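Residue numbers (the numbering used here), protein chains in the order written: chain W, 811 to 1178; chain Z, 128 to 880. Heads up, the beta-carbon is just placed ideally off N, CA and C, and yes, glycines get one too. Here the structure is a predicted model, which means the values were calculated and not measured. Shown next, in structure tokens, is the structure this report addresses.
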């Protein structure tokens, strides 16, 4: 059986995929919990992630993929993972990363927050060492970065993965999963090729378990324009099946900005392309919003209730489960969102009803 | 794309929370609201008002999330709307209704008066059991379990009826397992039904197959068969023949017309003069198949009882008419009048099936085994082992015993006092057939009332049984029988099981599938274990010896506890099944201690071979030779020797060598010769005899030859052999003298080439 685990982290991401072949792929890692705040319902990620990956019997993960460098996708990485580039990020209690996946933007761009800087240094270190890394981009895009360092891009080409293809070295037979890369992509505008730097990693993971393939669309924070282009390119290349999904991570914490340019009065109207993407969902799929609970009224910050209403329409027509990480199973005590994947496809694991489970999973009051 | 769900209203009238009456409904509402857990919410609460004969009830309408995979077998939704109805009387399960208008027809629904809403059958146990630890969370967990398992098609066990009856049916019909299989179009199909008993709530009827129809009978039964269907056709429990006829038409059966035709035929055939007064029981066979094409994979049955007589049914069906004071059948084809047949009420009948061997095996957590088994000896142990195996669907049995069941046998026998004076094999076989009330009961158990050693007139029959037996079980606890079986040419594997005299031990042995190691040798291995295993030392020489009635280890004391018999028969039947899974010979010796803790020993079984000396066969195995070779090596370069222990079967002229004793201390050992001493020897041999109840004793001599010397007898050896012959000859026993040499070679003086 394979398993997809999301964590309640507020508007932040971490998704752990365990395949049928016991390979571990983590997409983003953002530990947002504030230990000083007793009211903070976000799950402390460090211990829970370690527990889920099988620590201490297992001390490494196969892949850590950073969809993009924002704080809500990388916060806390330097506390938990073994980083090759600096001794201070090494030690027995740290999880080793066999391979790091990053979008080119993370390497090329300068100046950013601390956590992002640390992961950039690690990515650079690995890239220059030609070991344990894949960079997602059109190779040409990185040419100037290499030439500035008086290096030949051609020597690094095998570490660079362009959109529109499967991630190399990951195979169904060995790993129980394959990843099709949708983004970052480049776009042809007349004779020039535009690299969409702002694009983060978007992939379709196909998990094989019990003789069945389950398609998991891993979206990040891509905005509506990029979704329009991504859908168009995919359809142009007749890769429609690569946008089909049995499990969908709603992009950008259920923000309207991925779905449309307008939030809409009551409900967000998706762009034609985004609507098409939503229609690629299969019956009884699972949709996950990695976000704060959906508010009842309109708000500036995501998640946007208007957008959620539109997702609910899709969920209703598919009889799909629509889950929000911070309200599963309840807002007062959010837990992991676990989707098991087997020969029957994905199953969203629902909480059990029990007063005693509640009792023994929390501290008792003080007794005299 | 999946249809957007529509819901039926929950039964009753919406009400405020405060108007709920039952503690269970209040508890459920409170649980859901205060726990505030995801996955379930209250939609409404309501009351069903009390009516004349119907108690009032609380209704809680819920929306429940279901954990179900993407691929489902049944259309169960991520959320289902459920109404739970709690009767004010709290005398039965809360009824759990699925309110979705297109909730599928799935297994494990209760049959109701109406098709919708569907009623979930949540529990296997009766309400009196369920209520003992009922909590709101358990109810919700159970509902969600039901929905989740229904979605994946895992709820329904293969052997369960698809649509259990919700309301207490007042009639139950017991039928033989092979009875309701198919309808014979050409017979009148009437079968007799007798009333076995009435409980406070039910009439228990028993269908009689193959008995014809007797003159005095209250009920008659008839069967009809529908066309194979993929779904259940009985959408709700039919109230009358018109409704049932409607269901059957959907499955290709014009029930009312078919029944009218039958009644006409009965009018001609007159199965008995009074049949028109009988009440008719209708059995429907509903073949099921998985897909819309293909063969039926199973046949379900349901049954209904007319509350009116066959005569009245015949009138309503236009099959018969009154002609003065009598009735006659109508010549013209019957015309079914829906109003008339709607006036023929039907009572639902619950069916219970007699036990089949397959079902018995399933219930015993095993698989039915159809091997033919001849069992000799239906005594205390044999009768109980047979009972254990038979009830687990194991074996088709021929029981052989000439013993008559006497009153004192009842203390430790399967049979009751009613069997006194009857042959044990006959009565045990009859009991076997009664355990499985099937038409070909003879195949389950037969008896040959005879002594296996002197079968007399039954010898031919017995020989046929032996020839076809895959397994022969010796439960006789009789040495002559064991020896007889060991030397028979029957191909089937032989098994022996007997208790030690104290009742505190059990010995079970099985021959290998080629019968190279036979029962007599297994018996010898048991003696060897008694001599060599410290824990078994005293097990044959029982302290209760004075209660023995014979002189072999199997002539067990009369004072023996039935609980020991029950324990050992249970152990034996289990071991027999295990042993038969393997083709090798095996022996297992069990003992129990003062707190009934059981331990066991598996004596090593080594290759066994034979030598001929004169008219005698010597049987020996590698274990003996290894032991002798060990003594020899210890003494090299000197020769050594000792005596052989074993058993003479003078009847068959076989000498079994079971053990050897080493050189007594006063022996004289040289590199070229050996003189066996005798210090302490008598005491040792006597001890052996006591431990084995005289079965093992001195049988001969052994000595070793030095290195690089052949095992052929020397001149000295021949002279000693003559001495031995003269001594043994006086008892008409052979002289056995074994020589052990290099590479574990052995030679018996005088052995034939």
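Between the CA atoms of residue j and residue i - distance to the nearest angstrom
i, j, result
"residue 704(Z)", "residue 553(Z)", "24 Å"
"residue 466(Z)", "residue 414(Z)", "29 Å"
"residue 989(W)", "residue 148(Z)", "58 Å"
"residue 132(Z)", "residue 273(Z)", "19 Å"
"residue 573(Z)", "residue 692(Z)", "24 Å"
"residue 398(Z)", "residue 406(Z)", "14 Å"
"residue 1058(W)", "residue 1033(W)", "16 Å"
"residue 1125(W)", "residue 1097(W)", "8 Å"
"residue 488(Z)", "residue 848(W)", "60 Å"
"residue 244(Z)", "residue 236(Z)", "10 Å"
"residue 592(Z)", "residue 861(Z)", "37 Å"
"residue 634(Z)", "residue 732(Z)", "15 Å"
"residue 1054(W)", "residue 1091(W)", "6 Å"
"residue 832(Z)", "residue 817(Z)", "32 Å"
Short CB-CB distance (under 9 Å) between residue i and chain Z
i, result
"residue 1119(W)", "no"
"residue 1053(W)", "no"
"residue 1060(W)", "no"
"residue 1026(W)", "no"
"residue 1127(W)", "yes"
"residue 1158(W)", "yes"
"residue 1094(W)", "yes"
"residue 1131(W)", "yes"
Cutoff 9 Å: residue i Cβ touching any chain W Cβ
i, result
"residue 505(Z)", "no"
"residue 196(Z)", "yes"
"residue 199(Z)", "yes"
"residue 271(Z)", "yes"
"residue 205(Z)", "yes"
"residue 166(Z)", "yes"
"residue 131(Z)", "yes"
"residue 279(Z)", "yes"
"residue 193(Z)", "yes"
Exposure of residue i, with buried meaning 16 or more beta-carbon neighbours within 10 Å
i, result
"residue 207(Z)", "buried"
"residue 590(Z)", "exposed"
"residue 1111(W)", "exposed"
"residue 404(Z)", "exposed"
"residue 736(Z)", "exposed"
"residue 524(Z)", "buried"
"residue 280(Z)", "exposed"
"residue 218(Z)", "exposed"
"residue 867(W)", "exposed"
"residue 786(Z)", "buried"
"residue 548(Z)", "exposed"
Within 9 Å, strictly: CB atoms of residue i and residue j
i, j, result
"residue 647(Z)", "residue 783(Z)", "yes"
"residue 510(Z)", "residue 542(Z)", "yes"
"residue 603(Z)", "residue 609(Z)", "yes"
"residue 408(Z)", "residue 480(Z)", "no"
"residue 900(W)", "residue 893(W)", "yes"
"residue 864(Z)", "residue 829(Z)", "yes"
"residue 996(W)", "residue 968(W)", "no"
"residue 223(Z)", "residue 186(Z)", "no"
"residue 1030(W)", "residue 1157(W)", "no"
"residue 508(Z)", "residue 410(Z)", "no"
"residue 937(W)", "residue 929(W)", "no"
"residue 781(Z)", "residue 873(Z)", "no"
"residue 1022(W)", "residue 1152(W)", "yes"
"residue 1147(W)", "residue 816(W)", "yes"
Residues that DSSP places opposite residue i in a beta bridge
i, result
"residue 479(Z)", "301(Z)"
"residue 827(Z)", "771(Z)"
"residue 247(Z)", "236(Z)"
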